[in-house]
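In the working numbering, the protein residues as written are 8 to 261.
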């Protein structure tokens, strides 16, 4: 009975959060410059089949692949010239759809994580409600930025760690890292959560960290296979470290 009540309240909170996010994404807003960059790369993959992303990137590709798949399944159509194409307004919605779904999922994940961590149903519901009403979360759920998929994967990893499923925690953290490198900052938090609910063994530590290391290696191989002059990681370092951007050929053109 208690679980059914929890499920009922969580469903109501999810509907409220989803409604606010859908209202935000329905607003007539054009892309931010970074959104336009990400979406244009994803669009070329969905429409032209450029799935290796032949443009310079400073982020891992997972979030962009999610956008490209969204465009391929919801936005690509054959135009009057019998050529694959995508209307730009429809493409904007398709590019933002992964963030919308991730933002809604974060509500349930935040509630489940707090409920399990504090062993208190009310705390879980309050956490979910605060996430549902968060202006920042609502705003970013209506964008094509890479933050929302990363946060959804990271929250799933934190929930797995509090449940003692360290292999799953490692997998979700690897996906968070593959969506945006800042996902790696959630690994210490997962370990802290593990310590707070019990003891973290060396085996559990490696179960958490090895998938992330594997993701780093696979992304590096993928980036090398593209054959571009500047690597993904060097561009990421240049764009986030003051004074180094001018050392790269890509950055010198801007």
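The C-beta atom is built at its ideal place from N, Cα and C for all residues, glycine as well.
Limits of the unbroken alpha helix (DSSP H) element including residue i
i           : result
residue 230 : 209 to 233
residue 40  : 40 to 55
residue 74  : 69 to 81
residue 26  : 9 to 32
residue 184 : 173 to 186
residue 160 : 154 to 169
Per-residue burial, residue i [other beta carbons within 10 Å of its own, 16 or more giving buried]
i           : result
residue 111 : buried
residue 173 : buried
residue 150 : buried
residue 202 : exposed
residue 40  : exposed
residue 98  : buried
residue 142 : exposed
residue 153 : buried
residue 70  : buried
residue 58  : exposed
residue 148 : buried
residue 192 : exposed
Spatial distance of residue i from residue j (CA atoms)
i           : j           : result
residue 107 : residue 44  : 18 Å
residue 75  : residue 248 : 29 Å
residue 234 : residue 243 : 17 Å
residue 119 : residue 210 : 25 Å
residue 230 : residue 11  : 47 Å
residue 221 : residue 181 : 8 Å
residue 123 : residue 156 : 22 Å
residue 132 : residue 29  : 21 Å
residue 195 : residue 64  : 27 Å
residue 258 : residue 245 : In this predicted model, residue 258 has a pLDDT of only 45, less than 50, meaning its place in the structure is not dependable; the value taken from the coordinates is given anyway. Using only the alpha carbons, I get a separation of about 8 Å.
residue 1   : residue 166 : Absent from the structure is residue 1, since the part of the chain shown begins at 8 and ends at 261.
residue 18  : residue 36  : 29 Å
residue 21  : residue 135 : 8 Å
residue 239 : residue 161 : 22 Å
residue 27  : residue 68  : 28 Å
Backbone secondary structure at residue i - three-state DSSP
i           : result
residue 242 : helix
residue 236 : coil
residue 138 : helix
residue 248 : coil
residue 205 : coil
residue 126 : coil
residue 106 : helix
residue 64  : coil
residue 266 : In the structure as shown, the chain starts at 8 and stops at 261, and residue 266 therefore has no counterpart that could be examined.
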